[in-house]
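Reading through the structure tokens given below for one structure.
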Amino acid sequence: MIARPLARLSSVLAMSAALGCRTPAATTPHASETAARETAARETTAPQAVTGPRVRVLGIAQDGGLPHAGCSCDRCVAAARDPARASFVSSAAVIVPAPQHDAVFVLDATVDFREQLALLRDVRDDPPGGVDRAPLDGVLLTHAHVGHYLGLAFLGFEAIATRELPVFATPRLATYLRDNGPWAQLVAQRNITLVETTPGTASPLAADVSATPWRVPHRDEYSDTVAYELAGPHHRVLFLPDTAPWRRWDSDPLPLFDRVDVALVDGTFYAADELPGRNLDDIGHPLMVETMDLLQSRVDAGRLAVWFIHVNHSNPALEPDSAARREIERRGFALATTGLELAL
Ligand SMILES: [Zn+2]
Ligand SMILES: [Zn+2]
Ligand SMILES: [Zn+2]
Numbered sequence: 031m032i033a034r035p036l037a038r039l040s041s042v043l044a045m046s047a048a049l050g051c052r053t054p055a056a057t058t059p060h061a062s063e064t065a066a067r068e069t070a071a072r073e074t075t076a077p078q079a080v081t082g083p084r085v086r087v088l089g090i091a092q093d094g095g096l097p098h099a100g101c102s103c104d105r106c107v108a109a110a111r112d113p114a115r116a117s118f119v120s121s122a123a124v125i126v127p128a129p130q131h132d133a134v135f136v137l138d139a140t141v142d143f144r145e146q147l148a149l150l151r152d153v154r155d156d157p158p159g160g161v162d163r164a165p166l167d168g169v170l171l172t173h174a175h176v177g178h179y180l181g182l183a184f185l186g187f188e189a190i191a192t193r194e195l196p197v198f199a200t201p202r203l204a205t206y207l208r209d210n211g212p213w214a215q216l217v218a219q220r221n222i223t224l225v226e227t228t229p230g231t232a233s234p235l236a237a238d239v240s241a242t243p244w245r246v247p248h249r250d251e252y253s254d255t256v257a258y259e260l261a262g263p264h265h266r267v268l269f270l271p272d273t274a275p276w277r278r279w280d281s282d283p284l285p286l287f288d289r290v291d292v293a294l295v296d297g298t299f300y301a302a303d304e305l306p307g308r309n310l311d312d313i314g315h316p317l318m319v320e321t322m323d324l325l326q327s328r329v330d331a332g333r334l335a336v337w338f339i340h341v342n343h344s345n346p347a348l349e350p351d352s353a354a355r356r357e358i359e360r361r362g363f364a365l366a367t368t369g370l371e372l373a374l
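Quick note on the working numbering: the sequence shown kicks off at 31 and runs consecutively.
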């Protein structure tokens, strides 16, 4: 593929202005032209504050975390030593400012839920010197895999003891939570209230913000799996942390991306050679290189900004100076970062 860094950067920076947020090109390091470099540097060092309804990224790691549980690979050892190289498990918050009380919803309750709540303190009115028993306005779950719902346990009697906190889930996931401990206890003791969603139907979160779940194919042992389309007054953001490879989808995935202008997408693995000895057909996620091929024309046209999340510890793109990261940025895509805010 021919590199067109300035053209790509210009088109995405134009979109950046339109989106009111930092976009993937804001981190592109290979624009040779001075003006483009300076613009990118300005955006990198002084990200534009997003003040209206927005999505805030709370972590980008795959379920096992970074450092990954039990791992002594070089990347995990480095992440254990240096917090700047570590990441919480993939999650994001939807923040809707309001005069009295900002509404805050969290997408997935990860194993790092406790730390991720602390990343939202600036938009909450914590009671001083005590536990905030109502730290959120709701939790939106994608599915019942370890990294996506175990954090619900913190809502129970042993920890925060929330009162009827809305937890959005598909009927199958809601049934699983209602029928199996320890989750059943959260329901019985009314720490949470299950809000059953219908895929394809929007749930209002605030006056001008809604979340629409869309079914996506994935390993569905205990629940089905959804992505969320988050719609605000200006933009639509897709949160799609976990899915099967695009070729295993029953239907064309592109119409889902055409509903939004920003996408946070499953970036578990970069390419097939990342997993020696594993057959490509055994890998349960779209590879980053496949996702870039799928979405390249939309990114090039400035119609879509793509940020990768749910990144496995084995993924070389986690290294800022890797060939994988350079290729991602050259193509106009990017890894999301904790704290990144995207206007809705
Ligand atoms: Zn996952
Ligand atoms: Zn590792
Ligand atoms: Zn999963």
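From the three backbone atoms N, C-alpha and C, an ideal C-beta is built for every residue, glycine too.
Residue i vs residue j beta-carbon contact at 9 Å
{"i": "L286", "j": "W337", "result": "no"}
{"i": "T200", "j": "P229", "result": "yes"}
{"i": "T368", "j": "G160", "result": "no"}
{"i": "A261", "j": "A241", "result": "yes"}
{"i": "A302", "j": "L325", "result": "no"}
{"i": "I358", "j": "D296", "result": "no"}
{"i": "L166", "j": "L149", "result": "no"}
{"i": "T381", "j": "V267", "result": "The structure shown does not extend to residue 381, since the chain is modelled only from 31 to 374, so the question has no answer here."}
{"i": "V225", "j": "V197", "result": "yes"}
{"i": "Y258", "j": "L137", "result": "yes"}
{"i": "R193", "j": "A164", "result": "yes"}
{"i": "D280", "j": "P247", "result": "yes"}
{"i": "V124", "j": "L235", "result": "yes"}
{"i": "D139", "j": "L171", "result": "Inspection of the sequence shows that residue 139 is occupied by Ala rather than by Asp. Cβ atoms of A139 and L171: closer than 9 Å."}
Close-in-space but distant-in-sequence residues of the same chain around residue i (CB under 6 Å, 5 per side omitted)
{"i": "S253", "result": "H173, A174, R202, L203, Y206"}
{"i": "R356", "result": "none"}
{"i": "T223", "result": "E194, P196"}
{"i": "R220", "result": "E194"}
Length of the line joining the Cα atoms of residue i and residue j
{"i": "R129", "j": "G82", "result": "Strictly speaking, residue 129 in this sequence is Pro, with Arg absent from that position. One C-alpha to the other measures close to 12 Å."}
{"i": "L49", "j": "L372", "result": "Legend: pLDDT at L49 = 40, less than 50; position of this residue unreliable, no value from coordinates given."}
{"i": "P263", "j": "C103", "result": "44 Å"}
{"i": "R361", "j": "M322", "result": "8 Å"}
{"i": "R277", "j": "N309", "result": "15 Å"}
{"i": "E320", "j": "A191", "result": "43 Å"}
{"i": "A71", "j": "A237", "result": "Model confidence at A71 stands at a pLDDT of 38, short of 50, so the residue's coordinates are unreliable and nothing is read from them."}
{"i": "Q146", "j": "R249", "result": "26 Å"}
{"i": "R111", "j": "V85", "result": "29 Å"}
{"i": "D311", "j": "V80", "result": "41 Å"}
{"i": "P306", "j": "H343", "result": "15 Å"}
{"i": "S233", "j": "H265", "result": "16 Å"}
{"i": "D162", "j": "E188", "result": "14 Å"}
{"i": "P271", "j": "L284", "result": "16 Å"}
{"i": "A108", "j": "A99", "result": "14 Å"}
{"i": "C101", "j": "I313", "result": "20 Å"}
{"i": "T255", "j": "D330", "result": "29 Å"}
Cut-off 8 Å between Cβ atoms - residues of its own chain near residue i, not counting five sequence neighbours on either side
{"i": "V141", "result": "D93, G95, V119, V176, G177, L180, G181"}
{"i": "P212", "result": "A183, G186"}
{"i": "L334", "result": "F287, V290, D291, V292, A293, L325, R328"}
{"i": "A354", "result": "Y300, A301, M318, N345, P346, A347"}
{"i": "S352", "result": "P346"}
Integer Cβ distance of residue i from residue j, believed to fall under 8 Å
{"i": "F135", "j": "V87", "result": "That pair is no contact at about 14 Å."}
{"i": "S346", "j": "E304", "result": "The question names Ser, but residue 346 in the sequence shown is Pro. Their Cβ separation, rounded to whole angstroms, is 7 Å, which keeps P346 and E304 in contact under 8 Å."}
{"i": "A116", "j": "V126", "result": "With a Cβ gap of about 29 Å, A116 and V126 do not count as contacting."}
{"i": "C106", "j": "P113", "result": "Contact doesn't hold; Cβ gap of about 13 Å is too wide."}
{"i": "D155", "j": "H131", "result": "7 Å"}
Beta-carbon contacts of residue i that lie in its chain and below 7 Å, excluding the five residues immediately before and after
{"i": "T231", "result": "T242"}
{"i": "E349", "result": "R355"}
{"i": "G269", "result": "For clarity, residue 269 is Phe in the given sequence; the question names Gly instead. A122, L137, A257, Y258, L260, L294, listed in sequence order."}
{"i": "A366", "result": "V87, I90, L294, W337, F338, I339"}
{"i": "L216", "result": "L182, L185, G186, I222"}
{"i": "T227", "result": "F198, A199, T200, S233, P243"}
{"i": "R208", "result": "A214, V217, L224"}
is_contact[residue i, chain C] using C-beta, thresh 9 Å
{"i": "V169", "result": "The structure shown contains no chain C; it is built from a single protein chain."}
- Query: Listed in chain order, which residues are found with a beta carbon closer than 6 Å to a heavy atom of ligand 3?
  - Reply: With the cut-off at 6 Å, the residues found are H173, H175, H248, D272.
- Nearest-residue set for ligand 2, Cβ under 5 Å from any heavy atom: H98, C101, C103, C106, H343
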